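Shown next, in structure tokens, is the structure this report addresses.
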Amino acid sequence: MSAVGAALARLCAVQVSEEDEGDFPDELFDRVDDLIDAHGADDIAEIVAGAVQAGQASVEQAIVFLNVAAWSGTDNGASMKITLDGWVRQADDAVRLGIALHHECYPLPSRAEMVAKLSEIALRFPQYREVCERHIADRPRSA
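Counting the sequence shown from 1 gives a position; our numbering is that position plus 6.
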């Protein structure tokens, strides 16, 4: 098993849920750091999404892992945000889209682009209508 695969397996073994609201075990932060180190880059979004598709992690775990990763790397999540925004723009993979829409940052750089894309997504993916509507309602007009 590769170093990335081993680090991912250890991370996926950490039991967390999106409802924990930040009260996560220290082990979670350590395992996210280990995966970033093994990968050699801060953007672990594709690795984590692949783990969901392979059945190694749940979507809820993936959301938590990437929210922690945004603050664990060296670029405050900037490189990963590019990947997540790409998933929203493409809107062709329900797993990746769900992970991106539940990230702690607003999707897409501008409110105008976000409103246009999330309005489309809400129609195409009814399971994400509520989160799309929440992002649109919550994002300040100046952002």
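For glycine and all other residues, C-beta sits at the position ideal for the given N, C-alpha and C.
Nothing here was measured: the structure is a model prediction, and the numbers come from that model.
I'd like to know if the stretch 30-44 and the stretch 84-94 are in contact, where contact means that at least 3 CB-CB pairs between them fall below 8 Å.
Under the Cβ criterion (8 Å, minimum of three pairs), the stretch 30-44 does not count as touching the stretch 84-94.
Take the Cβ of P146 as the centre, count every other Cβ of all protein chains shown within 10 Å, and call the residue buried at 16 or more, exposed below.
Counting the other CB atoms within 10 Å of its CB gives P146 a total below 16, which places it among the exposed residues.
Just the Cα atoms here: how many angstroms apart are D32 and I53?
D32 and I53 have their C-alpha atoms roughly 21 Å apart.
Thinking C-beta only, is L107 closer than 8 Å to P91?
Residue identity check: residue 91 is Asp in the sequence provided, not Pro. Not in contact: D91 and L107 (Cβ atoms no closer than 8 Å).
Check each candidate in D99, R16, E110, D29 and name the one with the smallest Cα separation from A44.
Looking only at D99, R16, E110, D29, the smallest Cα-Cα distance to A44 is reached by R16.
Find out if the Cβ-Cβ distance for the pair Q67, V10 is shorter than 8 Å.
Contact: no.
Need the endpoints of the alpha helix (DSSP H) that T89 sits in, please.
Run containing T89: 84-96, per the alpha helix (DSSP H) assignment.
Let me make sure I understand the geometry here. Which of D99, M7, E139 has the alpha-carbon closest to that of A55?
Measuring from the Cα of A55, the nearest candidate turns out to be D99.
Would D49 be called buried (16 or more neighbouring beta carbons within 10 Å of its own) or exposed?
A residue is called buried when at least 16 other Cβ atoms come within 10 angstroms of its Cβ; D49 meets this threshold and is buried.
For the alpha helix (DSSP H) that contains A60, what are its first and last residues?
Taken as a continuous stretch (DSSP letters only), A60 belongs to no alpha helix (DSSP H), as it is neither H nor E.
Alpha carbon to alpha carbon, how far is F35 from N73?
Cα-Cα distance, rounded: 11 Å.
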